[in-house]
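Written out below as structure tokens is the structure these notes cover.
Numbering (full-length UniProt numbering), first residue to last: 1 to 329.
Here it is, written out as structure tokens:
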């Protein structure tokens, strides 16, 4: 007797369900056989969704994901601004970490209408007291002034935002450990910025730092050494090669000169000539030597002005580097 179409569909569905059940059972047995704690890292791959999968078996080892973004979607800047329910992120570059509120200076209400003279006078008084209560004691006033100095000098030097954040953290640590006592606020804030530049791999010489600071170079160096030692910053010596791109750019030299200067620094440093030498003077001498070798000659005075070192320093380092490279003069 011929089976009906509905009965055939039921039999087909039952067969498919049994097959899937057997497949799941086999997968569970495979999971039991694998010790996930001793899996070879080479067999683990991360998918675009953030899951970690054991490639030979296809087992999902880790799938817990946390979406820290908003629950809403936006497709342009204005829509993103209108849907956002939070303010700017906290930052160490402000004494209150950016958590206090400010009163607008436009003298208009929420609908854009101008305020009456009585309301304007009231808002003026509120703004004045708002500024006063942002700093509750001398410590916060100290921190506010110091961080504003860091921001001013960082802007003059053209360093990125990350350096300002690191400098602010270093100053806060120095303040919390009472290292400011007996020293000027400007000197400690300048030293914190210099330390941050070195820590972030964006070298700026003491001469460049002192040009934008209100304290002398000697005081900056003395304060920097004290803070670095007390806070255990463990600064590594500056690599002269990090100065080469900026100096070459200011001297309008080609990439060939830059590469040759890097080669001179690397070769001579391996022979121990860099020990005890100023990195800016060493980089300037290498650039001067490379410019002569590449027929893009620059005078010692031009290179010295850019590197902010003396011509005597360049001549001495140049002679040492040329002799170490075995280049006839």
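Note that the Cβ used here is the ideal one computed from N, Cα and C, for glycine as well.
This one's a predicted model, so the numbers in the text were calculated from it and none came from an experiment.
Beta bridge pairing from DSSP links residue 44 with 54. DSSP, read as helix, strand or coil, puts residue 62 in strand. Distance between residue 114 and residue 75, taken at the CA atoms: about 33 Å. Nearest in C-alpha terms to residue 121, of all of 108, 302, 280 and 266, is 108. Contact check between the segment 220-231 and the segment 185-196: three or more CB pairs, one atom from each, fall below 8 Å, which counts as touching. DSSP places residue 108 within a strand segment (E or B) once states are collapsed to three.
Remark: C-beta atoms of residue 274 and residue 268 approach each other more closely than 9 Å. Within the DSSP bridge table, the entry for residue 114 names 108 as partners. In this structure, the CA atom of residue 87 is about 9 Å from the CA atom of residue 99. Comparing alpha-carbon positions, the option among 214, 216, 236 and 176 lying closest to residue 196 turns out to be 236. Sixteen is the threshold: when 16 or more other Cβ atoms of the shown chains lie within 10 Å of the Cβ of residue 321, as they do, the residue is buried. Of the other Cβ atoms in all chains shown, 16 or more fall within 10 Å of the Cβ of residue 149; this residue is therefore buried. Boundaries of the alpha helix (DSSP H) around residue 279: 279-293. Between residue 179 and the set 93, 83, 162 and 232, the nearest pair of CA atoms involves 232.
Of the residues assessed, residue 160 falls on the exposed side of the cut-off, its CB having fewer than 16 other CB atoms within 10 angstroms.
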